[in-house]
Amino acid sequence: MKIALIYYGGQYNHLILKNLKYLGVEAAVFSTDRPVEELNSFDGIIFSGGPFSVKDEISKMGNSPLYVKETHIPKLGICLGHQLISYVLGGKVKKATSPEYGLIKVEIQDNDTILSGFPKEFNAWESHWDEVIEPPSGFKVLASSHYSKVQAIVNHDNTVFGVQFHPEVKHTENGTLVFKNFISAIKK
Amino acid sequence: MSFNPSSFINEISPQLIEKVGNSKVLIAVSGGVDSTTAAALAYRVLGERVIPVMIDTGFLRENEANSVREMTRKVIPNLVVEDKSEEFLSALEGVEDAEEKRKKFRDIFYNTISSLARKYGTTMMMQGTIAADWVETQGGIKTQHNVLVQLGINTESQWGFTVIEPLADLYKNEVRELARFLGLPPAISERQPFPGPGLLIRTVGKVTREKLLVERQANSIVERRLEGKGFSQYFAVTFDSDCEEDLEKSKEVGSKVKIYKSRATGVKGDVRSYGHIASVESPISVRETVMKLSRYDITHVMSIVSNKDKGKYAVAIRAVLTEDFMTADVPSISAEELKTIANEIMENPLVKEVLFDITSKPPATIELE
C-alpha cells in the first residue's frame, strides 16, 4: 500500500508521515505541481493542514482541486485538507467566528468509518481560522464541537473523509485511530 | 510499531560514515538532549574524529557551562568550552524584535563556529537539529538558530563548512529514547529543553544587561521550584511591565484584562503570530478566556499571581506538558505554589508583578519569542 501525502507547509505535515511510517504504511510527499495522473499509482491520498484559506488562496494550492475531483482512490483531508475537499466538492467554507486553538472537545454523532473506535466525546487539538459550515452534498457530518459544527465528514460510499481536528498530534486522544481507519477504508 | 533506536542507528551510521569520510568533524554541543545525543551518536560511529565544542553565548543559565561539563564528562570527555559571551552580548544589546534577535544570534553563532572549524582544521560541522526545529522555521513560525540548509542557506560559501544533522527526522520523544539507548545518564536524556539562543529569547523585547540579570535570577528560581514535578519544560520570562487596561475585553471575559506593550510569538492556524501579551486578573475558565482573547492580536494570556505598585519588569512563570513539543498543554499549579514562587521572585525590587502563562500551543508557542 502506498499513500500520497499532499504537503501545504503546515506545522504537523511531517508528523502525518511519521504516523504512517509507524503503522507500516509507505507514504510519499507529493507536491501540488505534479499532474493528477501520477496519483494513479497510489492507493490513497491524504491532504494535510496548512496556512491557506481555500476560498481566497486556492491558486496557491496548485493542482489540488484536480486531485480531489479527478481521482477515484480513497481520500482523507485534515484541517486545511478537510476544508479543501469540502470547498472543491461544493460545500461551504468561511472564516470562523470562533477560531479554535489547542484543546477542543469533539462530540461524535456517528461513529461510522473514520471515527470507528472513538469514544462518544474526546479531546482533540485544533488550529484553524477557517471552518466548514456546510459539507458537500452527499456527505454526512460525523462529529461536531461547541463552536464548529462540521468536525468530521464522510461521503456516501465511505471513500472520502475530512476531519477538522489534527489526528497526527499526540495531544489528540487516540488520534492514530483515524489513520488506522483510513488504511482499513483503503483495503476495502 | 514505533520508533526503534537500534534500527535508527543501523540506518544512520552508514550515512554518517559516508559523509564524514576520513575527516574530522566539529560538533556544536549545548548540553541539551538533542546536541548531546547527536554527539554521543557521532562518537559511537566516528570515534576520536569528533570535536565537541560548547559556546558560552552569555545567554546561558546560572552556572550552565560548568554543569554541562560535569554532566557530560563521561560521554564527551574532551568537550571544549569557548567563552564568547562579550561578543554576543554587545552585539545583541538593544535589539527588540524577536526575529531580529534570533537571526542576529544565528549569524554570530555560525561566524564563531566557522572560526572554530578553521582552528580545528575541519570543514564539517554536526549539530542536533531535530524535526520540530526545521518544521517551525520552514513554516515561518520562528527562526530556530540551528536551521540553515532547510532555508536554502549555502553554509559552504557563507561559512566554509558543510552541515550534518543526524537527528533531523526525529522528534524530542524519539531523541530521548535514542539517548537512553546510547547509555546517556537521565540527567541528559530526561533534561528539559533549553533553546540555543537561551535567555536571549526569554528576555522578551528590548535586550538590556539589567533585564537579562533579572531574567537569569527568576529563571533559576522557577527551575528550582518546579523541578521534578513532571512538567516537560518550565522556566521564567521577563518583559517590561508597561501595559494598559482594556475595558472592552475585560467586559468580554468577565475579569480585568491588561494588554502589555511587549509582543510574543504564537502560532494560529499554521501562521506566525507576533501579538501582544495579555494578563487577566482572575480568569473564570482558563480555556474559555484564552480562546476569547486569542481571536485578537494576542498570543500569550497570563493570570496574575502577585503584584505591587512599582517596578520595571513583569516576570512570567511558564510550564508546559508535551512529549514532542509540537503541541503543548498547560498544567494546573496550585495558587499557593505559584504564590510561593512569586514571593521569591518579587524579592527583586525591579519586579513589579509575577504572572502565570495559561496559553497552550497553539495559539501560543512554548517560548515567548
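Chains as they are written, first to last, in full-length UniProt numbering: chain A, 1 to 188; chain B, 1 to 369. Think of the CB as a built atom: it goes at the ideal place given N, C-alpha and C, for glycine as much as any other residue.
- Within the region 111-145 of chain B, the complete beta strand (DSSP E) runs of at least 3 residues fall at 124-126.
- When C-beta atoms of the region 22-37 of chain B are compared with those of the region 167-179 of chain B, three or more pairs fall below 8 angstroms, so the two segments count as touching.
- Pairwise C-beta distances place the region 25-44 of chain A out of contact with the region 103-113 of chain A, as fewer than three of them are shorter than 8 angstroms.
- Between the alpha carbons of residue 349 (chain B) and residue 122 (chain A) lies a gap of roughly 46 angstroms.
- Per DSSP, residue 73 (chain A) lies in no alpha helix (DSSP H) and is assigned neither H nor E.
- By the Cβ criterion, the region 108-119 of chain A is not in contact with the region 79-90 of chain A, since fewer than three pairs of Cβ atoms, one from each stretch, lie closer than 8 angstroms.
- Judged by their CB atoms, residue 75 (chain A) and residue 44 (chain A) are nearer to each other than the 8 angstroms cut-off.
- Judged by their CB atoms, residue 226 (chain B) and residue 215 (chain B) are not nearer to each other than the 8 angstroms cut-off.
- Contact between the region 165-173 of chain A and the region 314-331 of chain B is established, with three or more Cβ pairs separated by less than 8 angstroms.
- Residue pairing from DSSP places residue 300 (chain B) in a beta bridge opposite B:277.
- Taking 8 angstroms as the threshold, the shortest C-beta distance from residue 270 (chain B) to chain A falls below it.
- Distance between residue 320 (chain B) and residue 125 (chain A), taken at the CA atoms: about 15 angstroms.
- In the three-state scheme derived from DSSP, where H, G and I count as helix and E and B as strand, residue 98 (chain A) is classed as strand.
- Residue A:136 holds the alpha-carbon nearest to the alpha-carbon of residue 156 (chain A) among A:54, A:164, A:136 and A:24.
- For residue 82 (chain A), no CB of chain B lies under 8 angstroms from its own CB, so it is not counted at the interface with that chain.
- With a 10 Å radius around the Cβ and a threshold of 16 neighbouring Cβ atoms, residue 197 (chain B) comes out buried.
- Rounded to whole angstroms, the separation of the alpha carbons of residue 20 (chain A) and residue 4 (chain A) is 11 angstroms.
- C-alpha of residue 59 (chain B) to C-alpha of residue 92 (chain A): approximately 50 angstroms in a straight line.
- Short of 7 angstroms from the beta carbon of residue 69 (chain B), and not among the five residues preceding or following it, lie these beta carbons of its own chain, in chain order: 79 and 81.
- In this chain, residue 261 (chain B) is not harboured by any alpha helix (DSSP H); it is covered by the beta strand (DSSP E) spanning 257-268.
- Contact annotation: in the region 264-296 of chain B, residues whose CB is within less than 8 angstroms of a CB in chain A are 267, 268, 269, 270, 271, 287, 290, 291, 294 and 295.
- A check of alpha carbon separations from residue 288 (chain B) across B:253, B:62 and B:258 identifies B:253 as the nearest.
- Secondary structure note for residue 87 (chain B): its alpha helix (DSSP H) is the uninterrupted segment 85-92.
- Taking all protein chains in view, the Cβ of residue 131 (chain A) is crowded by 16 or more other Cβ atoms within 10 Å, so the residue is classified as buried.
- DSSP, reduced to helix, strand and coil, places residue 40 (chain A) within a helical segment of the structure shown.
- Every beta strand (DSSP E) stretch that sits fully inside the region 101-151 of chain A and reaches 3 residues is listed by chain position as 121-134 and 140-144.
- In the structure shown, residue 234 (chain B) adopts extended strand secondary structure according to DSSP, grouped into three states.
- Counted as a single uninterrupted DSSP element, the alpha helix (DSSP H) harbouring residue 178 (chain A) occupies residues 176-187.
- About 24 angstroms separates the CB atoms of residue 202 (chain B) and residue 189 (chain B); that is not less than 8 angstroms, and the two are not in contact.
- If you draw a straight line from the Cα of residue 206 (chain B) to the Cα of residue 231 (chain B), it comes to about 29 angstroms.
- Under the three-state reduction of DSSP output, residue 162 (chain A) falls in the strand class.
- Within the model, the alpha-carbon separation for residue 165 (chain A) versus residue 182 (chain A) is close to 15 angstroms.
- When only Cα atoms are considered, residue 58 (chain A) and residue 31 (chain A) end up about 15 angstroms apart.
- Burial state of residue 23 (chain B) is exposed, judged by a 10 Å Cβ sphere holding fewer than 16 other Cβ atoms.
- Here the C-alpha atom of residue 57 (chain B) lies approximately 11 angstroms from the C-alpha atom of residue 106 (chain B).
- Under a criterion of Cβ atoms nearer than 8 angstroms, no residue of chain B is adjacent to residue 151 (chain A); the nearest Cβ is some 16 angstroms distant.
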